[in-house]
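Written below as structure tokens is the structure these notes are about.
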Amino acid sequence: MQPFDYIKPQTLEEASALLLQHNGQARPFAGCTDLLIRIERGFVHPQVVVDVKDLPGVHDLLVVRNGDLRIGAAVTMNQVALNPTVQSGWPLLAEGCGSVASYQLRNRATVGGNLCNASPAADSAPALICYGASVHIFGPDGPRTLPLEAFFLGPGRTALQAGELLTAITVPFVRGSAGHFLKLGRTTIGDISLMNVAVLGWPDSDVPSGSSWRIALGSVAPTVIRAPEAERLLSQDTSPAGLEAASQAAAAAARPIDDIRATAAYRSDMVRVLTRRGVERVLEEIGG
Ligand SMILES: Cc1cc2nc3c(=O)[nH]c(=O)nc-3n(C[C@H](O)[C@H](O)[C@H](O)COP(=O)(O)OP(=O)(O)OC[C@H]3O[C@@H](n4cnc5c(N)ncnc54)[C@H](O)[C@@H]3O)c2cc1C
């Protein structure tokens, strides 16, 4: 493996300055479960790696004053998945984070790293998109905040600019909601998603069906995507016919590719199946 320098800055300003100073040649990291493999395989060649784990606030996992959940950039998948507050208030997120790889890997892998890696198969992203999460970024011009949906630009590409790093994620609380994350891998545990579906629903007396919905799909497009037509159809009708129409609309939103792990046709069909299954389970919980 090519040698590199390791630096552990103590302030956001220092971290940002380091990234800017070595622009293109320095990479931030948290758990390093993605980055180290990419270095080892020769996909990236950083001269410097910048450890974010001593930066202020990056280990926060707490409910802030307005009821939102704040997740620091170095919080691990297991810390989220096993946290009782997350399990009761943001169960969809606990399921998504709890589905990543193995227990051992989840002790190291972070939610921040999962988002910055920007894989369409990132298992924390669909749940976070359903809850309407935002990402907090620090860079040479100070802090800024973006909706998570605007953060992903393509496979491996984010909205982070030179000298910027992710500091935290804010996840709104959706009152009365229930959610489920359904993941299909080649094995039941420990595999990257062939495709996945996150479904969030909550009672809403202002819409004809009595419930509002968010559906996010992973590994079926260059980024994690929403299925807005499926969401709209469910807000109109959650009868068996409505569910079938919405599940087909979710499959139509998918733009999968054939690759060594699955065909595009299989992925699309499984979006239909898992969307329907997820909506049925949520309906049972919210009493639709
Ligand atoms: C065996 C194995 C199985 C896996 N299974 C899954 C799976 O089932 N589901 C899944 O979603 N993923 C899986 N992964 C991928 C990986 O574990 C996750 O994406 C993990 O969450 C990455 O977190 P990390 O902290 O290790 O990221 P790192 O490797 O530290 O970083 C990942 C990327 O993000 C950048 N980065 C990290 N932190 C910051 C920051 N604060 N600001 C800016 N950029 C940053 C890094 O430069 C790098 O490009 C698997 C990986 C392995 C090795």
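Just so you know, the sequence shown maps onto residues 2 to 289 in the working numbering. Glycine is no exception: its CB is placed at the ideal position from the N, C-alpha and C atoms. Just so you know, these numbers come straight off a predicted model, no measurement behind them.
Outcome for residue i when other beta-carbon atoms lying within 10 angstroms are tallied against a minimum of 16
i      : result
Thr159 : buried
Met2   : exposed
Ile38  : exposed
Ser120 : buried
His181 : buried
Val65  : exposed
Ile224 : Looking at the sequence itself, residue 224 is Thr, so the reference to Ile does not match. So Thr224 ends up on the buried side.
Ala266 : exposed
Glu96  : buried
Asp124 : buried
Tyr7   : exposed
Gln80  : buried
Thr168 : buried
Leu154 : exposed
Thr111 : buried
Gly143 : exposed
Gly25  : exposed
Residue i versus residue j - alpha carbon distance
i      : j      : result
Phe44  : Gly191 : 23 Å
Ile40  : Pro241 : 49 Å
Ala199 : Leu93  : 7 Å
Arg233 : Gly211 : 12 Å
Arg107 : Thr77  : 6 Å
Leu284 : Gly202 : 8 Å
Ala126 : Gly219 : 8 Å
Ile261 : Leu185 : 15 Å
Trp214 : Ala16  : 39 Å
Ile287 : Gly177 : 7 Å
Val221 : Pro156 : 11 Å
Pro141 : Ala151 : 20 Å
Asp238 : Arg187 : 34 Å
Asn118 : Ser206 : 39 Å
Arg256 : Ala247 : 16 Å
Gly164 : Val172 : 25 Å
Pro29  : Arg278 : 38 Å
Ile258 : Gln11  : 42 Å
Leu244 : Val280 : 8 Å
Arg109 : Gly58  : 18 Å
Ala82  : Gln88  : 7 Å
Pro229 : Ala263 : 25 Å
Arg282 : Val272 : 15 Å
Val53  : Ala134 : 21 Å
Leu36  : Pro209 : 47 Å
Ala179 : Leu21  : 42 Å
Leu116 : Ile170 : 10 Å
Glu14  : Asp61  : 19 Å
Ile193 : Ala128 : 16 Å
Selected residue, minimal CA-CA separation from residue i, among the options
i      : options                        : result
Ala252 : Val172, Arg262, Val274, Arg233 : Val274
Ile216 : Asp205, Gly157, Ala231, Gln22  : Ala231
Met196 : Leu183, Trp203, Asp207, Leu83  : Leu183
Ile138 : Val87, Gln162, Asn108          : Gln162
Gly90  : Gln80, Asp69, Arg109           : Asp69
Leu235 : Thr276, Gly113, Ser269         : Thr276
Gly114 : Asn67, Thr34, Leu83            : Thr34
Pro4   : Val112, Ala16, Pro47, Asp205   : Pro47
Lys9   : Val81, His23, Val51            : Val51
Asn84  : Leu63, Ser178, Asn67           : Leu63
His23  : Val49, Ser269, Thr86           : Val49
Ala75  : Ala128, Asp55, Asp207, Glu281  : Asp55
Val175 : Leu20, Cys131, Val221          : Cys131
Thr189 : Arg42, Gly99, Ser135           : Gly99
Gln249 : Leu20, Ile193, Arg268          : Arg268
Ala122 : Asp270, Gly73, Ile226          : Ile226
Arg71  : Val136, Leu166, Val208         : Val136
Leu19  : Gly32, Leu166, Leu129          : Leu166
Ala31  : Gly73, Leu129, Ser194          : Gly73
Near ligand 3: residue i beta-carbon under 7 Å from a heavy atom
i      : result
Cys117 : Summarising the ligand content, the structure contains ligand 1 and does not contain ligand 3.
Short CB-CB distance (under 8 Å) between residue i and chain B
i      : result
Glu165 : Chain labels in this structure do not include chain B; a single protein chain is all it has.
Which ranges would you report for the alpha helix (DSSP H) in the stretch 137–207 if only whole runs of at least 4 residues count? If only uninterrupted alpha helix (DSSP H) runs of at least 4 residues are considered, those enclosed by the stretch 137–207 are 149–152.
Given 8 Å as the limit, is there contact between the stretch 139–147 and the stretch 95–107, that is, 3 or more CB pairs closer than that? Cβ pair count under 8 Å is below three, so no.
Any alpha helix (DSSP H) of 4 or more consecutive residues that is wholly inside the stretch 215–268: Fully enclosed alpha helix (DSSP H) runs of 4 or longer: 229–237, 241–254.
Could you tell me which uninterrupted alpha helix (DSSP H) segments, each at least 4 residues in length, are contained entirely in the stretch 68–150, listed from first to last along the chain? Runs found: 78–82, 85–90, 92–99, 104–107, 112–118, 126–132.
Could I get the ranges of all uninterrupted alpha helix (DSSP H) runs contained in the stretch 20–61, with 4 residues as the minimum, in chain order? Runs of the alpha helix (DSSP H) spanning 4 or more residues and lying entirely within the stretch 20–61 occur at 36–41, in chain order.
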